[in-house]
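Enquirer: Mapped onto numbering that gives the first Met the number 0, the consecutive letters of the sequence shown carry residue numbers 0 to 82. For every residue, glycine included, the Cβ atom is placed at its ideal position computed from N, Cα and C. What follows is a structure written as structure tokens; I'll ask about it next.
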Amino acid sequence: MIERLLYFKIQKRLFKGKAITLFGPRQAGKSTLIESLLKNNDHLYLNGDEADVREMLYNTTSARLKAIAGSMEKRKLVFHQHS
Ligand SMILES: Nc1ncnc2c1ncn2[C@@H]1O[C@H](COP(=O)(O)OP(=O)(O)OP(=O)(O)O)[C@@H](O)[C@H]1O
Ligand SMILES: [Mg+2]
Numbered sequence: 000m001i002e003r004l005l006y007f008k009i010q011k012r013l014f015k016g017k018a019i020t021l022f023g024p025r026q027a028g029k030s031t032l033i034e035s036l037l038k039n040n041d042h043l044y045l046n047g048d049e050a051d052v053r054e055m056l057y058n059t060t061s062a063r064l065k066a067i068a069g070s071m072e073k074r075k076l077v078f079h080q081h082s
């Protein structure tokens, strides 16, 4: 595995109460980088490439959002991917 400087840059910025957006061309190594960052932290992974996840997030109700927020409790990271 090639070490990525971006790994350390993102790691330094985690847990500051901010969202971090990672974007880039196809096959640039985004998913691999994110997986390495999530690996050691309890996280919620929301894959927006899956239709049911998209539906849950984009066409939602306050009750559904509360249910999602409930499943975030105690988790340190929430990751949402979409194309
Ligand atoms: N740090 C790395 N060192 C070596 N190979 C890597 C590294 N990061 C990713 N790769 C390889 O590059 C390929 C693409 O990686 P990855 O799937 O993470 O990219 P991606 O940006 O998420 O792609 P997509 O846009 O298709 O979702 C994979 O074969 C992966 O194993
Ligand atoms: Mg990917």
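Ignore the nearest five residues each way along the sequence and tell me which others in N58's own chain have a CB closer than 6 Å to its CB.
Expert: The answer is none, since no qualifying residue turns up.
Enquirer: Between the Cα of E72 and those of L56, D41, S30, T60, spot the shortest distance and give me the residue it belongs to.
Expert: Checking every option, the nearest Cα to that of E72 belongs to D41.
Enquirer: Report the partner residues of V77 according to the DSSP bridge assignment.
Expert: DSSP lists L43 as partners of V77.
Enquirer: Would you kindly check if the distance between the Cβ of I9 and the Cβ of L43 is under 8 Å?
Expert: No. Outside cutoff.
Enquirer: Checking contacts by CB at 8 Å: is I1 closer than that to chain D?
Expert: In the structure shown, chain D cannot be found, because there is only a single protein chain.
Enquirer: Using only alpha-carbon positions, find the residue among N39, A62, I67, S61 that is nearest to V52.
Expert: V52 has its Cα closest to that of I67, out of N39, A62, I67, S61.
Enquirer: Is the beta carbon of L45 sitting closer than 8 Å to the one on L32?
Expert: No. Outside cutoff.
Enquirer: Helix, strand or coil for T20, going by three-state DSSP, please let me know.
Expert: In this structure, T20 counts as coil in the three-state DSSP scheme.
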